[in-house]
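Quick note, in our numbering, the sequence shown goes up one by one and the last residue is 243.
Below is one structure, written out as structure tokens; comments come after it.
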Amino acid sequence: MCAGKDIILTRRSIRKYKPGVKVTKEQLDYMLKAAFTAPNASNKQPWEFLIAESDEAKSKILKVHPYCSFLSDASLAILVLGNTDINAKFWAVDCAIASENIMLAANSLGLGTCLCCGYPIEEIMTGMAKEFELPENIKLFGVIVVGAPDEQKEPALDRVDMKKVHFDKY
Ligand SMILES: Cc1cc2nc3c(=O)[nH]c(=O)nc-3n(C[C@H](O)[C@H](O)[C@H](O)COP(=O)(O)O)c2cc1C
């Protein structure tokens, strides 16, 4: 378990997982709590979550998604979905923030995650909608792969670039 701001700075995308190590119900509950308590536009909460943990559900994702082959070794994936009837303008923004909350919660538990793209890639969104028989108003935002990390990465502090920070004027 990391402490304080390290939970944020140590989150990295993990693409190697220890096969056979399962995310527990308590861990999943905590990640979902983090998702549901994310800030969101007008507090409309347009998100839904589909937990893919069976081999069948994982293979549906792998069939459609070209960039998340490492899911096969991970414990599960969380499809982050947005309801466009609830918030047609901000669903994707809200889902993005909920996704980051999930990934930070997972990091605090020592789990690895990688957010794999959905919105706005049409082929992946429609492919996933077909595989999981999503209603018309339920859109894929992204796929978060979750599992026991089998690689270690340093915080990406080399990305800090104060030239991109502006005080009082551009
Ligand atoms: C909107 C979005 C889509 C992404 N899609 C993928 C993806 O499909 N496959 C993948 O392996 N990583 C994906 N990533 C992870 C990025 O590649 C990663 O966040 C970036 O390289 C920075 O590395 P870090 O997360 O370790 O800091 C995605 C990240 C975001 C925010």
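All residues carry an ideal CB built from backbone N, CA and C; glycine is no exception.
Quick caveat, the model's predicted, so the values are computed rather than measured.
{"Item": "Distance, Cα to Cα, glutamate 196 vs tyrosine 103?", "Value": "31 Å"}
{"Item": "Could you tell me whether any non-hydrogen atom of ligand 1 is closer than 7 Å to the CB of lysine 237?", "Value": "no"}
{"Item": "When you measure from the CB of lysine 226 to every non-hydrogen atom of ligand 1, does any distance come out below 7 Å?", "Value": "yes"}
{"Item": "Would you mind listing the beta strand (DSSP E) stretches within the stretch 135-164 that are 3+ residues and don't spill past its ends, in chain order?", "Value": "149-156"}
{"Item": "What three-state label does DSSP hand alanine 229 in the structure shown?", "Value": "coil"}
{"Item": "Roughly how many angstroms separate the alpha carbons of tryptophan 164 and asparagine 156, rounded to a whole number?", "Value": "7 Å"}
{"Item": "When burial is assigned at 16 or more other CB atoms within 10 Å of the CB, is proline 139 buried or exposed?", "Value": "exposed"}
{"Item": "Taking 7 Å as the line, does the beta carbon of aspartate 221 fall inside it for any heavy atom of ligand 1?", "Value": "At residue 221 the sequence reads alanine, which differs from the aspartate that was named. Answer for alanine 221: no, Cβ out of range of ligand 1."}
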